[in-house]
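*Asks:*
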Amino acid sequence: MDMSQSAFDKLDAPTVQSWNALLINYVRWGIPRKALFLYEQHKGEFIGISAYAFVDLLKACTQLKDVHTGAGLHARMEKMGLFKGDLFVGSSLVDMYIKCDCLIQAKKTFDEYLERDVVLWTALIAGYAESGQPEGALECFEQMQVDSVPPNEITLIFCLKACGSIGDIEKAQEVHAEIERRGLLHESIALNNALVDIFSKCGWLATAEELLYRISERNVISWTSLIAGYVEHGFGVEGLDCFWKMRHQCVLPDAAMYVCCLRACVVEGSVLIGKILHVEIDSQGVLARDIFVGTTLVDMYVNFGFVASAEIVSDNLSLRNSTIWNALVAGYVEHDLSREALCCFDRMQAEGVLADIVTYVCCLKACANIGAPDKAQELHVEMERRGLLDSNIAANTLLDVYMKCGCFSLAREVFDRFHCHDVISWTSLIVGYVEHGDSESALKCYQQMQIEGISPDTVALTYGLKACGCIKSSDNGKQLHMQIERFVAPCKVDTIVGNALVGMYANSGLLAKSEQEFEALGVRTVVSWNAMITACVEHGYFDKALVYFGQMQDEGKIPNSITLLNALRASINTGAMDRAQYLYEAIEKQDLIRKDPTIATALIQIYAKYGLITRAQEIFDKLSVRDVVSWTSLIAGYSECEQYEKAIACYDRSKLEGVHSNTVTYVCSLKACRAIGAMEKAAELHAEIERQGLLNNDLVGNTLIHLYAKGSNLEKAKEVFDRLQFRDVVTWTTLMSAYVQHGTNKDISWALSSMLAENVKPDSVTFVVVLTACSRAGEWKQSQTYFNIMSERFGIIPLSTHQSCLIHLLGCTGYLNEAMAVVNDTPCFLDLVPWHAVLAACIKAGNEELGTQVFNSALSLNKMISSSNNFS
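Going by UniProt numbering, the first residue of the sequence shown is number 1, and it counts up by one from there.
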């Protein structure tokens with residue numbers, strides 16, 4: 001080309017022919033930009049430029065996607081009269097507009113020709129087929145036939161491609177008939193291959209195979225089309241069988257063929273054949289030449305769970321694009337290797353490969369799986385910077401991560417930025433709130449979703465019902481139920497939603513309604529049975545729970561761990577120890593203790609709760625891995641069985657095994673120390689709590705205050721109290737109890753005033769402590785004042801414990817009539833405690849007459865209680 005330019009430059013006066021030759025050569029040598037540059041620089045000199053030169057310039061515009069220059073050439077050709085009647089120029093123009101994505105202009109140009117030949121028609125048909133408008137291509141083909149323009153091989157190939165795009169097998173058969181009628185099959189391997197391809201894509205695999213065997217010279221494209229069809233329709237074995245037949249006929253596979261065969265291995269589930277193909281691909285150097293084969297190999301290994309092998313393939317590729325990295329990251333996430341997925345993402349970034357929306361979505365899912373909100377925020381910032389959050393998929397995934405990690409404020413920020421909330425985004429909020437115990441917020445979201453006119457899906461309905469059950473809101477639950485009945489036919493109610501209805505009514509205490517929904521279920525799964533059995537156990541209907549368990553087994557349903565654990569609880573409660581032993585053996589037989597540590601923990605808790613601590617210890621001893629939860633369950637179990645020394649010994653053993661205690665472990669251990677007065681051990685635990693920064697946990701702080709108060713170390717209790725950043729009603733009440741215990745009643749008033757100053761509302765227990773302090777100090781007027789403000793100011797209904805404190809004080813100070821007035825004025829229903837307090841006061845004061853009256857009243861009340869119990 002340099003020689004052509006040099007020769008041209010030596011011309012004193014370049015002719016039109018020399019200009020034409022130079023332009024054409026630049027285009028045909030693949031230097032379109034130079035050709036267009038020369039044209040723009042010297043277009044004033046191109047008076048006699050030929051139609052062929054214009055056509056080549058149009059090709060240059062096509063290659064560069066320069067529709068602006070192409071339109072300028074179009075205008076100049078019209079001005080020069082080259083456009084009208086020249087079908088060669090017309091088809092080039094149509095082709096240029098189509099390939100520059102200007103299909104409307106292409107059609108407009110086409111329509112300006114009254115006489116259209118096969119080339120012009122084919123250019124337009126190809127344009128429609130290649131631009132994703134196959135219907136337009138087929139309409140053009142029909143009009144072409146009406147105009148009696150005979151199609152050529154290329155026309156028919158593009159028509160078949162259009163048929164394949166929309167799966168129009170009838171039209172494909174018409175085109176096939178036209179090809180047969182014209183006798184073109186014997187002349188064109190490309191047409192034969194196109195026919196095999198269309199019938200394969202449409203699932204007419206027998207016809208496709210028949211057509212393949214009619215081809216005298218089958219090539220790799222013919223075989224690839226058939227194998228791709230088999231794989232696409234789920235026939236991996238047949239696809240691989242075709243591959244072996246092809247090899248037997250000495251046809252060498254290409255990259256596209258290997259891709260199809262690797263996919264066939266995934267469909268068939270044969271990693272062995274996949275590995276054989278991998279070796280062959282490696283030996284032929286295909287991986288070095290074709291990245292798509294490498295991507296497919298990575299995908300194959302990922303699908304089989306061989307992520308390490310996928311990574312080895314990836315590492316050996318000369319070029320790794322985002323598709324390769326995405327396959328790896330997605331594979332790690334899919335196989336619960338989320339940390340590895342994030343490491344993979346970091347390596348991708350280090351190699352300078354730009355992550356796309358798929359990468360970020362996979363990485364966000366990994367963050368959700370391992371609870372990594374900080375990493376999710378890093379990804380969030382990066383996505384924000386690159387403008388990727390405009391995608392609903394990305395935004396919904398980010399929202400889901402934040403909700404799963406409990407970052408509600410961040411989730412709401414993402415949610416509030418949505419231009420359009422869909423059912424997925426609302427459902428993410430609802431599910432997240434329910435999973436984190438905030439069912440009230442979940443219900444508010446559900447209601448707002450409906451206000452916005454978005455219909456809930458199965459997941460939203462299920463979690464809406466769960467939220468109602470969690471907060472025992474049967475009214476909201478019934479409204480949801482009515483909504484389900486209004487929009488969904490009973491026979492079409494999803495089993496999952498049906499189970500959620502059963503669970504909602506059961507959790508709300510409406511067992512009869514729960515049973516009704518359970519009986520109405522078309523299909524009762526293990527989840528359905530578990531809902532009923534669990535509900536019966538939770539509400540104390542142990543015999544009924546066991547009846548359901550028996551019915552479940554009669555129906556051939558295999559119980560899971562939840563079923564077995566609840567049946568075990570019911571058996572122990574009813575004293576059916578033989579059945580309990582049978583259930584325990586069933587759990588062992590299924591190897592559930594080893595497979596799921598939570599099962600072992602639940603068993604330890606159940607046996608300890610019912611005093612079978614030796615059995616709990618046996619189960620614990622069988623654990624191969626003992627985590628903080630199992631240790632804590634055992635410590636709590638020993639404490640519950642009042643074997644406090646063993647509880648502390650368990651704590652010490654857990655430390656020796658390197659287990660890091662959590663807040664519950666410390667609370668259980670501190671309670672054991674308090675019970676036996678092991679203050680030195682308690683001080684050791686306190687120091688450990690301080691080192692781990694757990695003092696500000698309200699449960700730990702309150703337990704320490706209580707411990708020091710009981711251990712006669714009021715100063716230490718107050719020191720812990722003062723260091724707490726957050727003090728709730730339990731904290732304040734615990735401190736007040738310490739003051740009462742140590743007789744420092746003067747501090748009670750200060751504590752109550754300070755508590756109110758911090759906007760902490762006292763509860764029923766707080767007033768028991770305050771009234772007890774007044775009773776011990778003999779301050780009956782102050783006691784009366786507190787008793788009154790308890791109900792008048794704070795709306796707390798007096799209980800028998802409150803009355804007893806006041807009655808005891810009035811009795812001790814000789815105000816027996818006032819004590820009687822308290823009993824008579826405040827109804828305590830069927831409660832003997834206040835009467836016992838008055839009777840004790842009468843005995844102490846020696847008031848026989850009033851004592852006899854009180855005794856008779858108490859006796860009558862006792863008979864009423866007995867009668868009531870007999871009736872129930």
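A virtual CB, placed ideally from N, CA and C, is assigned to each residue, including glycine.
Applying the 10 Å Cβ sphere with the 16-neighbour rule, what's the burial state of residue 439?
*Replies:* The residue is buried, with at least 16 neighbouring Cβ atoms inside 10 Å.
*Asks:* Output the distance between the C-alpha atoms of residue 394 and residue 615, rounded to the nearest integer angstrom.
*Replies:* Computed Cα separation, rounded: 50 Å.
*Asks:* What alpha helix (DSSP H) runs, 4 residues minimum, are completely inside the segment 216-245?
*Replies:* Runs found: 220-232.
*Asks:* Look at the alpha carbon of residue 460 and the alpha carbon of residue 581, and state the distance between them as a whole number of angstroms.
*Replies:* Roughly 40 Å between the two C-alpha positions.
*Asks:* Just the C-alpha distance for residue 127 and residue 93, rounded to the nearest angstrom, thanks.
*Replies:* Whole-angstrom Cα-Cα distance: 12 Å.
*Asks:* Out of curiosity, what's the CA-to-CA distance linking residue 160 and residue 592?
*Replies:* When rounded, the distance between both Cα atoms is 57 Å.
*Asks:* Figure out for me which residue from 527, 69, 711 has the closest Cα to the Cα of residue 676.
*Replies:* Nearest option by C-alpha distance: 711.
*Asks:* Taking only the alpha-carbon atoms, compute the straight-line gap between residue 104 and residue 136 and give it to the nearest angstrom.
*Replies:* Those two C-alpha atoms are separated by around 12 Å.
*Asks:* Can you tell which of 194, 185, 227 has its C-alpha closest to the C-alpha of residue 216?
*Replies:* Comparing Cα-Cα distances from residue 216 to each of 194, 185, 227, the minimum goes to 185.
*Asks:* Out of curiosity, what's the CA-to-CA distance linking residue 473 and residue 729?
*Replies:* Each residue's Cα considered, the two are about 26 Å apart.
*Asks:* What would DSSP say about residue 867, mapped onto helix, strand or coil?
*Replies:* Bear in mind that the predicted position of residue 867 carries a pLDDT of just 43, short of 50, making it too unreliable to give a figure here.
*Asks:* Report the residue from 63, 278, 765 whose alpha carbon sits nearest the alpha carbon of residue 98.
*Replies:* Ranking 63, 278, 765 by Cα distance to residue 98 puts 63 first.
*Asks:* How is residue 491 classed by DSSP in three states: helix, strand or coil?
*Replies:* With a pLDDT of 47 at residue 491, under the threshold of 50, the predicted position of this residue should be treated as unreliable, though the coordinate-derived value follows. Three-state DSSP puts residue 491 in a helix.
*Asks:* Would you call the segment 719-726 and the segment 754-763 touching, i.e. three or more CB-CB distances under 8 Å?
*Replies:* No, they do not touch.
*Asks:* Could you check which residue in 525, 374, 514, 557 has the C-alpha nearest to that of residue 536?
*Replies:* Of 525, 374, 514, 557, the residue nearest in Cα terms is 514.
*Asks:* Within the chosen definition, does the segment 420-437 reach the segment 374-389 through at least 3 CB pairs nearer than 8 Å?
*Replies:* Touching, no.
*Asks:* Find the nearest neighbour of residue 719 within the set 51, 705, 441, judged by alpha-carbon distance.
*Replies:* When each option's Cα is compared against that of residue 719, the closest is 705.
*Asks:* Is the Cβ-Cβ distance between residue 231 and residue 264 less than 7 Å?
*Replies:* Going by C-beta atoms, residue 231 is nearer than 7 Å to residue 264.
*Asks:* Is residue 738 helix, strand or coil by DSSP?
*Replies:* If DSSP states are grouped into helix, strand and coil, residue 738 belongs with the helices.
*Asks:* From the DSSP output, in three-state form, read off residue 597 for me.
*Replies:* Helix.
*Asks:* Is it true that the CB of residue 401 sits closer than 7 Å to the CB of residue 442?
*Replies:* Not closer than 7 Å, so no.
*Asks:* Please state if the CB of residue 629 and the CB of residue 601 are separated by a distance shorter than 7 Å.
*Replies:* Yes, the Cβ-Cβ distance between residue 601 and residue 629 is below 7 Å.
*Asks:* Please confirm if the segment 553-571 is in contact with the segment 517-533, defined as three or more CB-CB distances below 8 Å between the two stretches.
*Replies:* They touch, by the three-pair rule.
*Asks:* Runs of 4 residues minimum, wholly inside the segment 302-373: which ones carry the alpha helix (DSSP H) assignment?
*Replies:* Complete alpha helix (DSSP H) runs here, min 4: 307-315, 322-334, 338-350, 357-370.
*Asks:* Could you compute how far the alpha carbon of residue 371 sits from the alpha carbon of residue 71?
*Replies:* Distance between the alpha carbons of residue 371 and residue 71: 57 Å.
*Asks:* Could you tell me which of 304, 317, 110 sits nearest to residue 285, measuring between CA atoms?
*Replies:* The shortest Cα separation from residue 285 among 304, 317, 110 belongs to 317.
*Asks:* Helix or strand or just coil, what does DSSP make of residue 852?
*Replies:* In this structure, residue 852 counts as helix in the three-state DSSP scheme.
*Asks:* Using three-state DSSP, classify residue 32 as helix, strand or coil.
*Replies:* Of the three classes helix, strand and coil, the one that applies to residue 32 here is helix, per DSSP.
*Asks:* Does DSSP put residue 592 in a helix, a strand or coil?
*Replies:* Residue 592 falls in the helix class under three-state DSSP.
*Asks:* Out of 189, 188, 233, which one is the CA nearest neighbour of residue 205?
*Replies:* Closest option to residue 205, Cα to Cα, is 233.
*Asks:* Pull up the distance between the alpha-carbon of residue 856 and that of residue 839, whole angstroms please.
*Replies:* Answer to the nearest angstrom: the Cα atoms are 10 Å apart.
*Asks:* Below 8 Å on the Cβ atoms is my guess for residue 671 versus residue 632; work out the distance and round it to an integer in Å.
*Replies:* In fact, because the Cβ distance is near 12 Å, the residues do not count as touching under 8 Å.
*Asks:* Which runs of the beta strand (DSSP E) spanning at least 3 residues fall entirely within the segment 506-559, listed in chain order?
*Replies:* As far as the segment 506-559 is concerned, it has no whole beta strand (DSSP E) run of at least 3 residues.
*Asks:* Straight-line CA distance for residue 787 to residue 713?
*Replies:* Answer to the nearest angstrom: the Cα atoms are 30 Å apart.
*Asks:* Would DSSP call residue 290 helix, strand or coil?
*Replies:* Residue 290: coil per DSSP, three-state reduction.
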